[in-house]
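Novice: Before I ask anything, here is the structure I am working with.
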Amino acid sequence: MLKLMLACCKVYISESRNRAALESIERAATLFPGAAIINKFEDETYNRVGYTVVSKLDPKPSSDACSLKSAVFAMVKAALEAIDLELHCGSHPRLGVVDHICLHPLASTSLDQVAGSAQSLAADIGSNLQGLFTCGCINL
Numbered sequence: 000m001l002k003l004m005l006a007c008c009k010v011y012i013s014e015s016r017n018r019a020a021l022e023s024i025e026r027a028a029t030l031f032p033g034a035a036i037i038n039k040f041e042d043e044t045y046n047r048v049g050y051t052v053v054s055k056l057d058p059k060p061s062s063d064a065c066s067l068k069s070a071v072f073a074m075v076k077a078a079l080e081a082i083d084l085e086l087h088c089g090s091h092p093r094l095g096v097v098d099h100i101c102l103h104p105l106a107s108t109s110l111d112q113v114a115g116s117a118q119s120l121a122a123d124i125g126s127n128l129q130g131l132f133t134c135g136c137i138n139l
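Residues 0 to 139, numbered by numbering that gives the first Met the number 0, are exactly what the sequence shown covers, in order.
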């Protein structure tokens, strides 16, 4: 019997007041129907939003067919295009427009399986969008 591999990704973006930017980010995620935003937390004081995205995980971490990886990459790209930190005001310290991305295994998925997808996502963001810091089991 084939086990269903599930994972979730928490994406924290330095913006919660710019409605057009948030709509653009959320619209980017909907381009990948295999992934779903299941939670959105807006912190007005920090001017920061946190998304929780869930999807099946592809057994091959580098696969471009992985809905979770594709949706998160699209969200990061949309955020970088829509948000200007020169105009940003908020009390939360930040590393950039997208200041934290973490993947977590769900159900019977292992941390190693999620780490492979996280490494692949980090490599794609670093190669195609902008440099980033990594830590934990995906430290490149």
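All C-beta atoms in this analysis are idealised placements derived from N, C-alpha and C, irrespective of residue type, glycine included.
Return the bridge partner residues of asparagine 38 from the DSSP annotation.
Specialist: For the purposes of this step, residue 38 is taken as the residue at position 39 of the sequence shown. Bridge partners of asparagine 38: Thr51.
Novice: Mark isoleucine 37 as exposed unless 16 or more other C-beta atoms lie within 10 angstroms of its C-beta, in which case mark it buried.
Specialist: Numbered from 1 along the sequence shown, position 38 holds the residue referred to as residue 37. The residue in question, isoleucine 37, is exposed, as its Cβ has fewer than 16 Cβ neighbours within 10 Å.
Novice: Have a look at Arg47, Gly115, Leu94 and Val96 and flag the residue whose alpha-carbon is nearest the alpha-carbon of proline 104.
Specialist: Position 105 of the sequence shown holds residue 104. With distances taken between Cα atoms, proline 104 lies closest to Gly115.
Novice: Pull the bridge partners of lysine 2 from the DSSP assignment, please.
Specialist: Your numbering for residue 2 matches position 3 in the sequence shown. Beta-bridge pairing links lysine 2 to no other residue.
Novice: On the DSSP letters alone, give me the boundaries of the alpha helix (DSSP H) that isoleucine 124 sits inside.
Specialist: Locating residue 124 in the sequence shown gives position 125, counting from the first residue. Taken as a continuous stretch (DSSP letters only), the alpha helix (DSSP H) holding isoleucine 124 covers 110-127.
Novice: Return the bridge partner residues of tyrosine 45 from the DSSP annotation.
Specialist: For the purposes of this step, residue 45 is taken as the residue at position 46 of the sequence shown. DSSP lists no partner for tyrosine 45.
Novice: Taking the DSSP output, what are the residues bridged to leucine 102?
Specialist: In the sequence shown, counting from the first residue as 1, residue 102 sits at position 103. Cys8, per the DSSP bridge assignment.
Novice: Please say whether glycine 95 and asparagine 46 have beta carbons closer to each other than 8 Å?
Specialist: Position 47 of the sequence shown, counted from the first residue, corresponds to residue 46. Position 96 of the sequence shown, counted from the first residue, corresponds to residue 95. Going by C-beta atoms, asparagine 46 is not nearer than 8 Å to glycine 95.
Novice: Sorted by chain position, which residues of the same chain lie with C-beta nearer than 6 Å to lysine 39's C-beta, five sequence neighbours on each side aside?
Specialist: Start at 1 with the first residue of the sequence shown, and residue 39 comes out as number 40. Excluding sequence neighbours, lysine 39 sits near Tyr50.
Novice: Would you kindly work out how many angstroms separate the C-alpha atoms of leucine 120 and phenylalanine 72, rounded to a whole number?
Specialist: As a position in the sequence shown, residue 120 is number 121, starting the count at 1. As a position in the sequence shown, residue 72 is number 73, starting the count at 1. For leucine 120 and phenylalanine 72, the distance between alpha carbons rounds to 7 Å.
Novice: Just the C-alpha distance for threonine 29 and threonine 133, rounded to the nearest angstrom, thanks.
Specialist: Taking the sequence shown and counting its residues from 1, one reaches residue 29 at position 30. Taking the sequence shown and counting its residues from 1, one reaches residue 133 at position 134. Distance between the alpha carbons of threonine 29 and threonine 133: 26 Å.
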